[in-house]
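J.:
Residue numbers (the numbering used here): 6 to 266.
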């Protein structure tokens, strides 16, 4: 059986299209919802579900992080409760493990078809959306993949020689809109121009991100905020102050372009 982890981004979308073209059976598609995805990602899940249905493929199954009582806990709620930031801000990747990987693993561990395969000593094929420019990520996972007793990893895009540009062209070929960058709205890996874009296009999400940052401030001993060596709030306040000065001097475009860096 074949399972696809759908992240809502370019690579996994193109991989599903490629599997359709090559008539590779798709038995299960999982999307792990952290509760903090960008609005366009949620919309894209709906778009892909319509496309999948029209092409006789299974719709996306959404999984979420649950506590021991079965109640949903979002990444945002987790951060607010423990007064901290996503772990990647501290140089760790436990946020993706807990809110992306673990919910999918839990679902699969209780999926009857997979349990039957494993009981027979066989493996499930797990399709991973690394493109042909990401072979290093595949190499880094080599030892882990060999030791995995449940899954045989298939790096389809690498096998097909599809780079990111090829993935984009394939999505456009099928007249699907291009997905936006798949990430949480308060991901510490966001670039400065993405933070400014968030503030401009989704001010309510930006405000929630700042609330998380402020809430964790008393526990930040080694970092400054969501930007690791700077806080998002201070960065945006600085940008807005610069814009105000630029407006007075009449050099808004040039000066503000220089500020981001």
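Where is the CB? At the ideal position from N, CA and C, for every residue including glycine.
Exposed or buried, what is residue 232 when buried is set at 16 or more other beta-carbons lying within 10 Å of its beta-carbon?
T.: Burial check for residue 232: the Cβ neighbour count within 10 Å reaches 16 or more, so the residue is buried.
J.: Using only CA atoms, which one of 78, 95, 155 and 219 lies nearest to residue 228?
T.: For residue 228, the nearest C-alpha among the options comes from 95.
J.: Which residue comes first and which comes last in the beta strand (DSSP E) that contains residue 114?
T.: Residue 114 -> not in any beta strand (DSSP E); alpha helix (DSSP H) instead, spanning 107 to 114.
J.: Sorted by chain position, which residues of the same chain lie with C-beta nearer than 7 Å to residue 168's C-beta, five sequence neighbours on each side aside?
T.: 136, 137 and 138
J.: Can you find the residues in the same chain that come closer than 6 Å, C-beta to C-beta, to residue 246, ignoring five residues on each side of it along the sequence?
T.: none
J.: Based on Cα-Cα distance, which residue from 14, 85, 48 and 24 lies nearest to residue 220?
T.: Looking at the Cα atoms, 85 is the closest of the given residues.
J.: Can you grab the Cα-Cα spacing for the pair residue 10 / residue 130, in whole Å?
T.: 11 Å
J.: According to DSSP, is residue 220 helix, strand or coil?
T.: DSSP places residue 220 in helix when its eight states are reduced to three.
J.: Is it the case that the Cβ atoms of residue 218 and residue 236 are separated by a distance below 8 Å?
T.: yes
J.: Is the CB-CB distance between residue 193 and residue 14 below 8 Å?
T.: Result no, Cβ atoms of residue 193 and residue 14 do not sit closer than 8 Å.
J.: With a 10 Å radius around its C-beta and 16 neighbouring C-beta atoms as the bar for buried, classify residue 243 as buried or exposed.
T.: exposed
J.: What residues in its chain sit with their C-beta under 6 Å from that of residue 62, if we drop five residues either side in the sequence?
T.: 31
J.: May I have the straight-line CA-CA distance separating residue 145 from residue 74, to the nearest angstrom?
T.: 36 Å
J.: Between the alpha carbons of residue 17 and residue 133, how many angstroms are there, rounded?
T.: 8 Å
J.: Can you tell me the Cα-Cα spacing of residue 38 and residue 105, whole angstroms?
T.: 7 Å
J.: Identify whether residue 69 lies in helix, strand or coil by the three-state DSSP scheme.
T.: Judged by DSSP in its simplified three-state form, residue 69 adopts strand.
J.: Could you tell me the distance, in whole angstroms, from the CA atom of residue 190 to the CA atom of residue 42?
T.: Answer to the nearest angstrom: the Cα atoms are 6 Å apart.
J.: With C-beta atoms as the reference, is residue 25 less than 8 Å away from residue 60?
T.: yes
J.: Per DSSP, what kind of secondary structure is residue 87 in: helix, strand or coil?
T.: helix
J.: Using CA coordinates, which residue listed in 128, 207 and 118 is at the minimum distance from residue 159?
T.: 128
J.: With distances taken Cα to Cα, identify the nearest neighbour of residue 66 among 78, 116 and 240.
T.: 116
J.: Can you look up residue 194 in the DSSP assignment and give me helix, strand or coil?
T.: coil
J.: Taking only three categories from DSSP, how would you classify residue 203?
T.: helix
J.: Note the first and the last residue of the continuous alpha helix (DSSP H) segment covering residue 171.
T.: First-last of the alpha helix (DSSP H) with residue 171: 169 to 178.
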